[in-house]
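Peer 1: Can you keep this structure in mind? I'll have questions shortly.
Residue numbers (our numbering): 87 to 963.
Structure follows, in structure tokens:
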């Protein structure tokens, strides 16, 4: 039997049913036999989406392999080598914390896949061996004949057979807010929902060959994204500091060996210095900073499931949003009612309601009942009784009802405007033209328009008017978009709805720039290429056979196109057939605000293309069809009514209606970013300050400025202040921010070199005072402690230290407290040689003078090298 995997589901659309049965080798009246089912399950697999998953143990062990884990593991080994078991335990705990956070993030990606796969496992009625039986959807195979009814989840890709029609909700695939009507020979896709109707169908593709599988595949591929901006930043800082430290330590060891110093002491000192220089706390401190930001967001009903999303959100400069259910309410509403020829609005909406049934879940009828209850409470519609109801039929395109109140009887109709207008015989040509103009205007704006008529007993049909319906924007959507723009974030709307609806909603939201259909940029429409291929075939045939007529050449070209259609569906070409160069496509995306009629893979492609243009992209969504793009985006938001799959794929989950929390999240993310940048700058500057000063002192003066014990004490006394950076007051940038490693290394290196100069000047001064070596080492230790903590106040903002926002009480208390502890240790000789209060006071004064100098250096670099102002939006959080 020919492999069905070579034929896409869409190839079955409108194919004659007999041909489908023949190609699938199945008897229409008998179905497949058990033996045939078993063989096809072996050939094609079960109707489920299977992904090769690593064991939990393997996924855990992977967390300890890589540049960041190696950096921390080396520090732990070195700590054990020099007998510093306290440091070994602390570093090991940091390693476990980082591994645990990373494992949790990957576990979320698996949850996204499992949420998608679980939606396919249901019970299905299938014809096998000549009888109808119920089987699990996983057991279906191509060729199975099944029965689909209202409320069913379509279990596989199928071609519809017998029955009147089906109304199918395809929002899981397309995001289209309204159901789609389908008839015999049409195809229906797995994971779509039957809203109305009942039909037989034949399974044409299962499992990995379904259209729905493309969504799962995209989520899986997006889960394997490269490192985030945060991870790349940590790696770059780690590599820089480790290489610098290794180079300096090697110089120290070589110099010490050449001077015949004690090898054991030299090795111990070198290892302690290397441990202190490796930024083992960098990932953990930054994670704590992001966790504090996540905690504050939780108070605003936003749950952060991926900590690095906080950092990514600070740099988001393009925000892509799904329309239905995200920017809009995901429910149809009646807009301005348009009565005809003097009829009243109350009479018009009453007739529409009487031609409906309240127990129906039809999204077209629900807003009619809501509107009449909210706006016409005095209406007598509830006094009328339906004596007969004619349900909607796609072939007739209207609903009708016979109603009665006391002795008064009439029949009411609602449906497609052209159909209802055709019922009314007394409409004049001018009235018809006027109505058509109104209908066309509403259609151009994307409204779903109902026409309503009634016929009283013994009277002709009376046209009552038009009722436009639309899924309107949420109350806060426009405000959210306006505030995003004020923060320097461009907003783009991505929807599966048609271009007219997308434009109208975009207009309501202030998105008035270019709007396009997805096929205009993805190459999904093959019509232009089909015409080009046909023309080429005619030209080539005519050149090879000059004697033939153009009519004969056209006939030949038609035959070629028929053959082409048997190879692949030229009406649905793959993206690689696109004739637009990628660079031109990326430029095109920049100017578009609204993307309409998109599929899940289109949303994914748009996000991916924007990222390739060096944008940091945010995304909001609520449906299964949004999951791939949510996972691919740098920061994905699932709104409050989102599906499990969308929540599992998102980085931040909103638990309250509305989108206003997104702007609060952006604000909080930018606060958090500034705290992280402050610590990163401090960490690099301090490492340069200590390691370079130590190395040059040993090489030039043959002097160890501090002992191995002092290095450890400095590291311990630094721990508390750097943790409180997460709670510091700071400013936020009015525009998106991202890591600029060039600027970061320039500023931190300048501060570090300034610290080296300050330390050398101090050493030269102290040496002139004829102080002993131990006393000089204690004073340098105290200077490094006070000056190092002062650097935190230099890097915490981009202005002078006295400018707002002022440091938080936590940071002040932790910094001053540890400096006082270090001073008391120096004065009282705890673990180190004692010095006088006079010398201790001199160290404080000297460090504070250089604190002002460092601040001036920072301001100068920002103004004259980076061309940055000295102040930003002065807010605290």
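Backbone N, C-alpha and C define an ideal beta-carbon position, used for all residues, glycine too.
What are the residues that DSSP puts in a beta bridge with residue 816?
Peer 2: Your numbering for residue 816 matches position 730 in the chain shown. According to DSSP, residue 816 bridges with nothing at all.
Peer 1: To the nearest angstrom, how far is it from the Cα of residue 986 to the Cα of residue 417?
Peer 2: In this structure the chain extends from 87 to 963, so residue 986 is not present and cannot be described.
Peer 1: Nearest-angstrom Cα distance between residue 604 and residue 96?
Peer 2: Counted from its first residue, the chain shown places residue 604 at position 518. Counted from its first residue, the chain shown places residue 96 at position 10. Spanning the two alpha carbons is a distance of roughly 18 Å.
Peer 1: Residue 597 to residue 680, Cα distance in whole Å?
Peer 2: Taking the chain shown and counting its residues from 1, the one referred to as residue 597 is at position 511. Taking the chain shown and counting its residues from 1, the one referred to as residue 680 is at position 594. Residue 597 and residue 680: Cα-Cα distance of roughly 7 Å.
Peer 1: Would DSSP call residue 418 helix, strand or coil?
Peer 2: Position 332 of the chain shown, counted from the first residue, corresponds to residue 418. Coil.
Peer 1: Over what stretch of residues does the alpha helix (DSSP H) that includes residue 291 continue unbroken?
Peer 2: Numbered from 1 along the chain shown, position 205 holds the residue referred to as residue 291. No alpha helix (DSSP H) contains residue 291, which is instead part of the beta strand (DSSP E) from 279–291.
Peer 1: How many angstroms separate the CA atom of residue 126 from the CA atom of residue 277?
Peer 2: As a working mapping, residue 126 is identified with position 40 in the chain shown. As a working mapping, residue 277 is identified with position 191 in the chain shown. Taking the straight line from one Cα to the other gives about 22 Å.
Peer 1: Using DSSP with H/G/I as helix, E/B as strand and the rest coil, what is residue 597?
Peer 2: Taking the chain shown and counting its residues from 1, one reaches residue 597 at position 511. Reduced to three states, the DSSP call for residue 597 is coil.
Peer 1: Among all the DSSP beta bridges, which residues are the ones paired with residue 723?
Peer 2: For this step, residue 723 is matched to residue 637 along the chain shown. Answer by DSSP bridge pairing, in chain order: 706 and 738.
Peer 1: Spatial neighbours of residue 355 within its chain, please: CB distance less than 6 Å, with the 5 preceding and 5 following residues excluded, ordered by chain position.
Peer 2: Numbered from its first residue, the chain shown carries residue 355 at position 269. 794.
Peer 1: The beta strand (DSSP E) that contains residue 551, what's its start and end?
Peer 2: In the chain shown, residue 551 corresponds to position 465, counting from 1. Its beta strand (DSSP E) spans residues 548–556.
Peer 1: Between 463, 301 and 342, which has its C-alpha nearest residue 790's C-alpha?
Peer 2: Here the question's residue 790 lines up with position 704 in the chain shown. Cα-wise, what sits closest to residue 790 is 342.
Peer 1: So residue 474 is in the beta strand (DSSP E); what residue range does that whole segment cover?
Peer 2: As a first step, residue 474 must be located in the chain shown, where it is residue number 388. Element bounds for residue 474: 471–476.
Peer 1: Beta carbon of residue 413, beta carbon of residue 559: below 8 Å?
Peer 2: The count along the chain shown starts at 1 and reaches residue 413 at position 327. The count along the chain shown starts at 1 and reaches residue 559 at position 473. Yes; because the gap between Cβ atoms is below 8 Å, this pair is in contact.
Peer 1: By DSSP's criteria, residue 408 is part of a beta bridge. Which residues make up the other side?
Peer 2: Locating residue 408 in the chain shown gives position 322, where the first residue counts as 1. Note: residue 408 sits in a beta bridge opposite 580.
Peer 1: Which runs of the alpha helix (DSSP H), 4 residues or longer, sit entirely within the region 479–550?
Peer 2: With a minimum length of 4 residues, the continuous alpha helix (DSSP H) runs that stay inside the region 479–550 are 503–509 and 515–530.
Peer 1: Within 10 angstroms of its Cβ, does residue 451 collect 16 or more other Cβ (buried), or is it exposed?
Peer 2: Here residue 451 refers to the residue found at position 365 of the chain shown. Its Cβ being crowded by 16 or more others within 10 Å, residue 451 is buried.
Peer 1: What are the start and end residues of the alpha helix (DSSP H) that includes residue 434?
Peer 2: Residue 434 sits at position 348 when you count from the first residue of the chain shown. 431–440 is the extent of the alpha helix (DSSP H) around residue 434.
Peer 1: Assuming residue 434 and residue 551 are in contact, meaning their beta carbons sit under 8 Å apart, how far apart are those beta carbons, in whole angstroms?
Peer 2: In the chain shown, counting from the first residue as 1, residue 434 sits at position 348. In the chain shown, counting from the first residue as 1, residue 551 sits at position 465. Indeed, because the Cβ distance is near 5 Å, the residues count as touching under 8 Å.
Peer 1: For the region 107–127 against the region 213–229, are there 3 or more C-beta pairs whose distance is under 8 Å?
Peer 2: With a cut-off of 8 Å, the region 213–229 and the region 107–127 count as touching, because enough Cβ pairs lie within range.
Peer 1: Does the region 375–390 come close enough to the region 672–686 to have 3 or more Cβ pairs within less than 8 Å?
Peer 2: Because the criterion of three Cβ pairs below 8 Å is not met, the region 375–390 and the region 672–686 do not touch.
Peer 1: Please report the residue range of the alpha helix (DSSP H) in which residue 265 lies.
Peer 2: Position 179 of the chain shown, counted from the start, is the residue given in the question as residue 265. Looking at the DSSP string, residue 265 is not in any alpha helix (DSSP H), and its letter there is neither H nor E.
Peer 1: Quick check on residue 675: does DSSP put it in helix, strand or coil?
Peer 2: The residue labelled residue 675 in the question sits at position 589 within the chain shown. Three-state DSSP puts residue 675 in a helix.
Peer 1: What is the DSSP secondary structure of residue 97, counted as helix, strand or coil?
Peer 2: Looking up residue 97 in the chain shown gives position 11. If DSSP states are grouped into helix, strand and coil, residue 97 belongs with the helices.
Peer 1: Which residues mark the beginning and the end of the beta strand (DSSP E) in which residue 860 is found?
Peer 2: By one-based count along the chain shown, residue 860 stands at place 774. Counting along the chain, residue 860 falls outside any beta strand (DSSP E), though it belongs to the alpha helix (DSSP H) covering 859–881.
Peer 1: Just how far apart, CA to CA, sit residue 298 and residue 640?
Peer 2: On the chain shown, residue 298 is found 212 positions in, with the first residue counted as 1. On the chain shown, residue 640 is found 554 positions in, with the first residue counted as 1. If I take the Cα positions, the gap works out to 39 Å.
Peer 1: Take the Cβ of residue 636 as the centre, count every other Cβ of all protein chains shown within 10 Å, and call the residue buried at 16 or more, exposed below.
Peer 2: For the purposes of this step, residue 636 is taken as residue 550 along the chain shown, with counting starting at 1. Label assigned to residue 636: exposed.
Peer 1: Mind the definition here: the region 269–286 touches the region 235–248 only if three or more C-beta pairs lie below 8 Å; say whether that holds.
Peer 2: Touching, per the Cβ criterion.
Peer 1: Would you mind giving the Cβ-Cβ distance between residue 478 and residue 487, rounded to the nearest angstrom? I have them listed as a contact below 8 Å.
Peer 2: Here residue 478 refers to the residue found at position 392 when the chain shown is read from its first residue. Here residue 487 refers to the residue found at position 401 when the chain shown is read from its first residue. Contact doesn't hold; Cβ gap of about 11 Å is too wide.
Peer 1: Less than 8 Å between the C-beta atoms of residue 591 and residue 387, yes or no?
Peer 2: One-based indexing of the chain shown puts residue 591 at position 505. One-based indexing of the chain shown puts residue 387 at position 301. No, these two residues do not count as a Cβ contact at 8 Å.
Peer 1: Within the continuous beta strand (DSSP E) that includes residue 918, where are the two ends?
Peer 2: The residue labelled residue 918 in the question sits at position 832 within the chain shown. Unbroken run through residue 918: none, as it is neither H nor E.
Peer 1: I think residue 939 touches residue 840, with their Cβ atoms under 8 Å apart; what is that distance to the nearest whole Å?
Peer 2: As a first step, residue 939 is located in the chain shown; it is residue number 853 there, counting from the start. As a first step, residue 840 is located in the chain shown; it is residue number 754 there, counting from the start. Right, their Cβ atoms sit about 7 Å apart.
Peer 1: Just checking, does the region 741–750 make contact with the region 763–783 on the three C-beta pairs under 8 Å criterion?
Peer 2: Verdict: no, contact absent.
Peer 1: I'd like to confirm the pairing. Which residues does DSSP put opposite residue 390 in its beta bridges?
Peer 2: For this step, residue 390 is matched to residue 304 along the chain shown. The partner list for residue 390 (beta bridge, DSSP) reads 738.
Peer 1: Residue 231 lies in the beta strand (DSSP E); which residues open and close that run?
Peer 2: Counting from 1 along the chain shown, the entry for residue 231 is found at position 145. That run of the beta strand (DSSP E) goes 231–234.
Peer 1: Determine which residues share a DSSP beta bridge with residue 218 and list them.
Peer 2: Taking the first residue of the chain shown as 1, we reach residue 218 at position 132. Residue 218 pairs with 213.
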